Structure formats: structure tokens, C-alpha cells
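Comments concern the structure below.
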Amino acid sequence: MENGESLHLEPVPRLKNISKKEFLENYVRPQKPVVLEHLVDDWPATQKWDLDYIKEVAGDKVVPLYDDRPINSKLKFNEPHTEMKMADYIDLLKSKPTNYRIFLYHLLKEVPVLQKDFKFPDLGIRFLKQLPTLFFGGENSKVFMHYDIDFANILHFHFHGKKRCIIYPPSETKYLYKVPHALISRQDIDFNNPDFEKFPVLKKAKGYVAELNHGEALYMPEGYWHQMTYLTPGFSMSLRATPRTLTNFSKAVYNLVVMRNFDNYMRKLKGQKWIDYKNEEAVRRTHKRNKV
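With this note's numbering, letter number 15 in the sequence shown gets 157, and the count goes up by one each step, no holes.
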């Protein structure tokens, strides 16, 4: 970390197992994160899912790929940067570090045999029953700091290797250089090695860090910010549960119906000037709020 300083991050608590009652009382109701180490030991996925198995059952699928270039006006939100066959992508992941990631991909829909390998855990929260999406990344590839548009409670499962997750509760938003009319912080912030001279308010933010190993699950409560770094090639899957409070449900509806459409309209109207304005406002508003 620069200048010998680092982010204020404490380890996410880790448990071998947990009862439904304990999970609801100790983590869901107070909205606290936790890593569950053996929640899915009985899933066939825990024994079977690795990159070689995915290549075997899905190698012929053409998949959308994203890299770590900043959002710009030329690409639509969530528009992929390139594509290739899954078999070739997995060969790339295993051969060298790469920035290419698969993001929110419906692999279980494309390859139905994978649907038999997992089930929804009985933890007392109402999971959305649609098929979960998968995320893949190469060594050292990163997902920028963001929170999810629907304010879901998320169980994030990792497979094959190791992944580092930095997360912040919504209370820390005022320190994270949030880009207005968006769900992201400034994309030029490296949360693994932050520039505190350029982004001094980051020092005030208090968050958590967890390293997920194969078969482990991270519970992220509603509206939590998260930034992921693949320490090795690997992939993850998220199960989502609806927001528990009317406030967060209302925020989700606003994000989906109002904010996203307004932002898309302004991108078409102003182009790159809109993107640049939002990035400048992220710094100005954060520093003004924190009297920097």
C-alpha cells in the first residue's frame, strides 16, 4: 500500500456451518457478512465443478467476455468486449493471467446438466428461484467496486482456486467516491493498492475482506459494495434473495426504472462528456461531503 497506509478492512467472520435460526438472527437481521465454509459440502458441484469439468460440458458454447477497461460512451452497459468458445477461454485462463472475465452468464440455462449440481440452501431467506448466473476470471483479474442494482441479499459461492473479496456496508458509501447516477465507485481506484493522495477519503471507510476457497460461500447483505480479485483462475455463482425492507425494495425499483433509463438517455445525448462529468462529480461530492 502507498505511504505504508492501507484500507480499514477486518476479516469477514468465518463459520464451518450454521443453523437457519443462527443465520437469520446473527447475520441477516443485523445485515452482517459471514463466510460459510461447509454450507454446500453435499452439493455435487462441490465435488465436480472445476475448470476442466466446465470445459468438458460447455466447451462448445460461445461466451461473452469483459476486460477491465473503464466504462465509456461507446459501449452500452454490460455490452461484452469480445467473445470466444468456452474451451478456448478456459485454456487461456489456465495458461496465463488474463483480464478477460465472464460476467452474469446463464451457463446453467445453456448447459442444463449443471442444474442437477446445486440446490437452494434452507437458510430462512426467500431466494429468487430463477437459474443463477456464473462469473469467471483469470489470475489477477478484477471486478470494480460496485453494489447490485436490485439490493439483493447475496450468497456468493466460489469454485476452483481462490478469490479475494473487499466489501463495504451501505453506511460507507459517503467515503467510496460513488459515481452519481450509477452503482459504481471511481473505476481508477485500485482497492488492492489505493492512491490516498488522490482519494484521501478512502481512509475513513470501514469494510471487510475475505478470501474465498473452493466450495465456500460469502453472505453479502443488501446494498453491500463489493470488489473482487481472482487470486487464481476460477469461477463463482450467486444466489439472490429479495430485499427485506420496503426502503431497499423502493431503491431497487428506482434504480431499475428511473436511474438506469436516465443514465442511458444522458449517455446517448452527451456521450463521453456525461461519463467524464460523473467521474469529476464523484470526487467533488465526496470531498465536499467530507470537507476535504
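Virtual Cβ for every residue (Gly too), placed ideally from N, Cα, C.
As the structure is a computational prediction, the values presented were derived from the model and not from experiment.
### Message
Helix, strand or coil for W416? Go by DSSP, reduced to three states.
### Response
helix
### Message
Quick check on this structure: which residue in Y350, L249, L411 has the alpha carbon closest to the alpha carbon of R306?
### Response
Y350
### Message
In the DSSP output, which residue or residues are listed as bridge partners for F286?
### Response
The partner list for F286 (beta bridge, DSSP) is empty, contrary to what the question assumes.
### Segment contact flag, the region 173-183 with the region 147-159, C-beta cutoff 8 Å, min 3 pairs
yes
#### Entry: Coil, strand or helix - E422 by DSSP
Helix.
#### Entry: Alpha-carbon spacing of S380 relative to Y195, whole angstroms
19 Å
### Query
Within this structure, are the beta carbons of K162 and D264 separated by less than 8 Å?
yes
### Task
Just list the beta strand (DSSP E) runs in the region 256-320, keeping only unbroken ones of 3 residues or longer that don't cross its boundaries, in chain order.
Runs of the beta strand (DSSP E) lying entirely within the region 256-320 and spanning at least 3 residues, in chain order: 276-279, 284-288, 295-301, 304-310.
### Query
So L276 packs on L249, CB below 8 Å; how close in whole Å?
5 Å
### Query
Is it true that the CB of V285 sits closer than 8 Å to the CB of R243?
yes
### Task
Using three-state DSSP, classify A359 as helix, strand or coil.
strand
### Message
I need the straight-line Cα distance from P322 to E167, nearest angstrom please.
### Response
34 Å
### Query
Secondary structure at Y242, three-state DSSP: helix, strand or coil?
coil
#### Entry: Inter-residue spacing [alpha-carbon to alpha-carbon] between E144 and F341
Because E144 sits at a pLDDT of 43, beneath the cut-off of 50, its placement in the model cannot be relied upon, and the following sentence gives the value as read from the coordinates. The alpha-carbon atoms of E144 and F341 are separated by roughly 12 Å.
#### Entry: Residue(s) in a DSSP beta bridge with H368
H288, I309
### Query
For the alpha helix (DSSP H) that L388 lies in, which residues bound it at each end?
For L388, the uninterrupted alpha helix (DSSP H) segment begins and ends at 388-396.
### Task
For Y247, count neighbouring Cβ atoms within 10 angstroms of its own Cβ and tell me buried if that reaches 16, exposed if not.
With 16 or more neighbouring CB atoms inside 10 Å of its own CB, Y247 falls in the buried class.
### Message
Measuring alpha carbon to alpha carbon, tell me which residue in H300, K251, S313, K261 is nearest P367.
### Response
In the sequence as displayed, the identity of residue 367 is Trp instead of Pro. Comparing Cα positions, the closest option is S313.
#### Entry: Every unbroken alpha helix (DSSP H) inside the region 163-237 [4 residues or more]
186-190, 193-200, 228-237
### Task
Return the CA-CA distance between L149 and R328, expressed in angstroms with no decimal places.
Spanning the alpha carbons of L149 and R328 requires a straight line of approximately 16 Å.
### Message
With a threshold of 8 Å on Cβ separation, who are the neighbours of Y231 within its own chain once the five nearest residues in sequence on each side are excluded?
### Response
Shown here for Y231: same chain residues with a beta carbon closer than 8 Å to its own, the five before and five after excluded, namely V205, L207, Y242, I244, F278 in chain order.
### Query
Is A394 closer than 8 Å to F435 when the C-beta atoms are compared?
This structure cannot speak to residue 435, because the chain is shown only from 143 to 434.
### Query
Since E152 is in the beta strand (DSSP E), which residue starts that stretch and which ends it?
Annotation: the continuous beta strand (DSSP E) that includes E152 extends over 150-153.
### Task
Specify, as a first and last residue, the run of the alpha helix (DSSP H) that L250 falls within.
249-252
#### Entry: F341 - DSSP class collapsed to helix/strand/coil
coil
### Message
Can you tell me whether G404 is helix, strand or coil according to DSSP?
### Response
Contrary to the premise, residue 404 reads as Phe rather than Gly in this sequence. In this structure, F404 counts as helix in the three-state DSSP scheme.
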